[in-house]
Amino acid sequence: MPLTKTDNSAMTSAEIREVQTMLAKHGIDPGPIDGLMGPRTEAAIIAFKRSRNLQPRAFVGPITWKMLEAEPEGAAQGDRSELPWVAWGRRLLGLHEIYDNAALKAALKEDGHALGDPAKLPWCGDFIETAIKVTLPGEPFPGALGKNPYWALNWRGFGVETEPTYGCECSISRNGGGHVFFIVGEDATRYYGLGGNQSNRVSVAPIDKSRVPKGACRWPSTFPQRPIWMPRLTSATASETRFG
1 MPLTKTDNSA
11 MTSAEIREVQ
21 TMLAKHGIDP
31 GPIDGLMGPR
41 TEAAIIAFKR
51 SRNLQPRAFV
61 GPITWKMLEA
71 EPEGAAQGDR
81 SELPWVAWGR
91 RLLGLHEIYD
101 NAALKAALKE
111 DGHALGDPAK
121 LPWCGDFIET
131 AIKVTLPGEP
141 FPGALGKNPY
151 WALNWRGFGV
161 ETEPTYGCEC
171 SISRNGGGHV
181 FFIVGEDATR
191 YYGLGGNQSN
201 RVSVAPIDKS
211 RVPKGACRWP
221 STFPQRPIWM
231 PRLTSATASE
241 TRFG
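Heads up: the sequence shown begins at 1 in this note's numbering, then just goes up one per residue.
And the structure:
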């Protein structure tokens, strides 16, 4: 990264996109991954720097860049290597149901089928189903989940129950239905969900812990369970409520 100024004005669009992608990897929502240094990306930079005890300003210098390039805390310890379904989901971070419609539709068809146009239909269940089907092809989909994996609350029949932990699938109720996502971190009052149809795109978004009932977190039955652990994340954005 060429650092020729003490602000972000020397950064190219590709470099800004890389910063946005790295922020998302650390569980801090930069807004759309579009290569534009907007207010949400600047707020995410400040949140990241504050979490690393750096001066909280929206400037990416060499120290900040190096910290962004590092693996998220705990990601490379022992059996904490990235989970295949989480890795699949992270690959799509930033895709928007309208602006990236073709790419998103192609991704949701990677398991051989899809619900339909994500710009017209609620697609959080399609996102989770595709992630599991592509990376764990032998995983069973029992009962109601097998009949309709696109209905978010049917995911409460997935796999086996677990305490909230990195990579688990989680479903919550909302007016008119539900929402399903993978938990990838927490702060004091919120979980961070990697999911689709979160403000109309794939994102890592904070979701209030109070919305997650007992029994809502599930682990794939065909993948060895790991010790409970949860990265500590931070976000400058409000808790996600736009799931439709």
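Cβ atoms here follow ideal geometry from the backbone N, Cα and C, with glycine treated the same way.
Distances from the alpha-carbon of H179 to those of M67, V160 and P149 put P149 closest.
Secondary structure at S51: helix, using DSSP grouped into helix, strand and coil.
Rounded to whole angstroms, the gap between the alpha carbons of T162 and P224 is 12 Å. Distance from the CA atom of S171 to the CA atom of R17, rounded to whole angstroms, is 30 Å. Taking T21 as the centre and dropping the five residues before and after it, the same chain places the C-beta of I33, L93 and G94 closer than 8 Å to its C-beta, in chain order. Going by C-alpha positions, I207 is about 32 Å away from P62. DSSP lists R190 as the bridge partner or partners of D208. Annotation: the continuous beta strand (DSSP E) that includes S173 extends over E169 to R174. Within a 10 Å sphere around the beta-carbon of S9 sit fewer than 16 other beta-carbons, which makes this residue exposed.
Taking C-beta atoms as the reference points, E169 and W155 count as a pair closer than 8 Å. Rounded to the nearest whole angstrom, the CA to CA distance from E71 to G27 is 11 Å. Per the Cβ contact rule, the segment 117-133 is in contact with the segment 191-200 (3 or more Cβ pairs under 8 Å).
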